[in-house]
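The opening residue of the sequence shown carries number 1377 in my numbering; numbering runs sequentially from there. Written below as structure tokens is the structure these notes are about.
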Amino acid sequence: GVLAALGTEHAQLLAHLSHLADCLSTELLPKPKERLLAAVCELSTLCLSVPPSPPDVPPPHILAALAQLDRAFGFSSGAASDEAGAALLAGYRQHFVKDFLAERPASLSEMTSKLDMWRGLLESALDAAGGSGPQHLGTIVIGGKCAHLTFAQQPLVEVPGQYAADAEPTPEAHALIDRFAADVSVRRDHAAAVTTRSFSLIADDGVRHSLHLRLETPVRAHTALQLERAQQLLRLINRRLLKSREARRRALYLHLPLQLRIGKGVALHAEDASAISLASTLLSARAASGLPPQGAVLTHQRTLSRGTVAPDDEARRERLRQAFDDACRAVPEDVLSNALTAQLTKPLQRWELTRTFASQLGLHALLCHTVGLRVQQPQCVVISCTSGNLCFVDFDPLLKPAPEVKAASAPPPVTMPFRLTRNLQRLATPFGIDGTFAAAFAAGAECIANAQKCPIALWLDYLSAAELEGGAFEAPWGSGAEQAAGLALSVCPTTTVKKDGKAADVHATLRALIAEATGAEALQAMPPAWQSWL
């Protein structure tokens, strides 16, 4: 294949690439304890994505995810692949077997409580080792097998990601790697608990490129491939937006940070130190106030999972309303706007950021409704504080169908067309939901609905296929090919005018979707991981 041809034609270049990949994966990937923390956090998110209701029995897919985590780290077998894995087993195997295997949690709330306890335990251990606070764990110096990378090299390898731009590639103008910067910044995301080591490549033109590696967890496989497929789809949509006069006038563009799949579950990401997620904003604010970071969501889950099944629909709605109101009182409405505008001193900067954010939120809502892009949970709504752009760097966990239970169980989970909750509305309100948000939504729908210039059904059908024949792959979107095309036509203003004439209300469908996304009863029925109060 490609590697064989590269080895024949450019053996020295292939040797450089292989050596770089080996060095980076050895020194800069998350350590076993950090990988365990990220896996525990993902399993906790998966548990909280289940709508809580008595008798609160853990669903089969939660138990299957727990078994995958156990096999990946060898807690049951006691087998370790290296010294670091053996040290992890020596410190945590006995407690893990006792908490999750020997005495399996009887309820979902018990499992989430134990997972939260494990998360706090692992975070404390990592904070003690880093010694520089929970989010920025400090700076290290490249050493070991990577030490020689800080010296000038023969420039053969290009800075990665230069072919990923929307413009046509120009290999003669691409920058080459001159050397690595010696300092590596170690950070941990508050929401996903993912630890990253950000390193800088110094190109032969003197420009620094900050990157980090991410490794998918055993709880959610194929994350790197999902990100790659989503990037391919969104880049195709970007090409269509750039050819639309109205989209260009409104500067509509999907912000896609560099994400390259290397292999074996490893992906290379561009570093944006200013990016924050909706969930990390809340957790940081609660931690700074001395409150339990996960207190609001865990209280919501325990409140709805205890007791007995509500005797009628009215009693169930009242129970949901009380739990929702309690969570709303624990979360301020301005937590996101304060986090984004705290460092902006000039009114013009705040105006530009808010305008960009409202426009990006309109495109985000369009993709969630038409394509069914799974980016609605708070840890997946990632915003760049410097530009106000929304970044697509993570996806909601795939919710498996609930097992067959008795008729007295809770109804199926409620779905939303897109996310438009209190904190997002407060930040976009200066321009109004019917202003910039609706204009971006409509202009984007005009582009996607044109099947000749934007064959969204063909793209989705092609990108939803598994990488290998017979392989397992779940696309990061929920709409089928024909369904997405039909939904795009239903919200397209041109289609409405052709059907109902010039007097048609082109935003009637959008207003109905906004009412559905902001309806109190629907928000109250969302599972805790969705955090509809945030």
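We put the beta carbon where it would ideally sit given N, CA and C, even for glycine.
Where do the ends of the alpha helix (DSSP H) carrying residue i lie?
i, result
"residue 1591", "Unbroken run through residue 1591 is the beta strand (DSSP E), 1584–1591; no alpha helix (DSSP H)."
"residue 1712", "1711–1717"
"residue 1607", "1599–1618"
"residue 1471", "1459–1472"
"residue 1415", "1408–1424"
"residue 1873", "1869–1876"
"residue 1746", "1723–1746"
"residue 1622", "1621–1625"
"residue 1437", "1436–1449"
Specify the secondary structure class of residue i as computed by DSSP and reduced to three states.
i, result
"residue 1561", "strand"
"residue 1759", "strand"
"residue 1781", "For residue 1781, the predicted model reports a pLDDT of 46, less than 50, meaning its position is unreliable and no value from the coordinates is stated."
"residue 1518", "coil"
"residue 1555", "strand"
"residue 1895", "coil"
"residue 1389", "helix"
"residue 1379", "helix"
"residue 1815", "helix"
"residue 1751", "coil"
"residue 1454", "coil"
"residue 1486", "helix"
"residue 1860", "helix"
"residue 1843", "coil"
"residue 1767", "strand"
"residue 1534", "strand"
"residue 1853", "strand"
"residue 1798", "helix"
Since I believe residue j is in contact with residue i (beta carbons under 8 angstroms), could you give me their beta-carbon distance rounded to a whole number of angstroms?
i, j, result
"residue 1588", "residue 1645", "6 angstroms"
"residue 1632", "residue 1607", "6 angstroms"
"residue 1796", "residue 1890", "6 angstroms"
"residue 1836", "residue 1864", "That belief does not hold up - the Cβ atoms of residue 1836 and residue 1864 are roughly 11 angstroms apart, past 8 angstroms."
"residue 1559", "residue 1515", "5 angstroms"
"residue 1648", "residue 1767", "7 angstroms"
"residue 1750", "residue 1772", "4 angstroms"
"residue 1485", "residue 1681", "5 angstroms"
If I measure Cβ to Cβ from residue i and keep anything under 6 angstroms in the same chain, skipping five residues before and after, which residues do I get?
i, result
"residue 1704", "1909"
"residue 1735", "1812, 1816"
"residue 1637", "1600, 1604, 1643"
"residue 1755", "1567, 1568, 1653, 1655"
"residue 1598", "1849"
"residue 1552", "1531, 1534, 1580"
"residue 1783", "Only weak support exists for where residue 1783 lies, its pLDDT of 39 falling under 50; the value from the coordinates is given anyway. None."
"residue 1455", "none"
Following the continuous beta strand (DSSP E) through residue i, name the residue where it begins and the one where it ends.
i, result
"residue 1574", "1571–1579"
"residue 1653", "1651–1653"
"residue 1636", "1635–1639"
"residue 1645", "1642–1646"
Excluding the five sequence neighbours on either side, which residues of its own chain have a C-beta within less than 8 angstroms of the C-beta of residue i, listed in chain order?
i, result
"residue 1391", "none"
"residue 1556", "1518, 1522, 1525, 1526, 1575, 1576, 1577, 1578"
"residue 1842", "1848, 1849"
By Cβ distance, which residues of its chain are closer than 7 angstroms to residue i, with the 5 residues on each side in sequence left out?
i, result
"residue 1892", "1793, 1898"
"residue 1393", "1533"
"residue 1420", "1488, 1491, 1492, 1495"
"residue 1832", "1824, 1860, 1861, 1864"
"residue 1424", "1488, 1673, 1677, 1903, 1904, 1905"
"residue 1630", "1610, 1613, 1614, 1739"
Examine chain C for any beta-carbon lying closer than 8 angstroms to the beta-carbon of residue i, and answer yes or no.
i, result
"residue 1437", "Looking for chain C here will not work: only one protein chain is present."
**Completely contained alpha helix (DSSP H) runs for the region 1653–1710, where each covers 4 or more residues** = If we require 4 residues or more, the alpha helix (DSSP H) runs fully inside the region 1653–1710 come out as 1654–1664, 1671–1681, 1689–1706.
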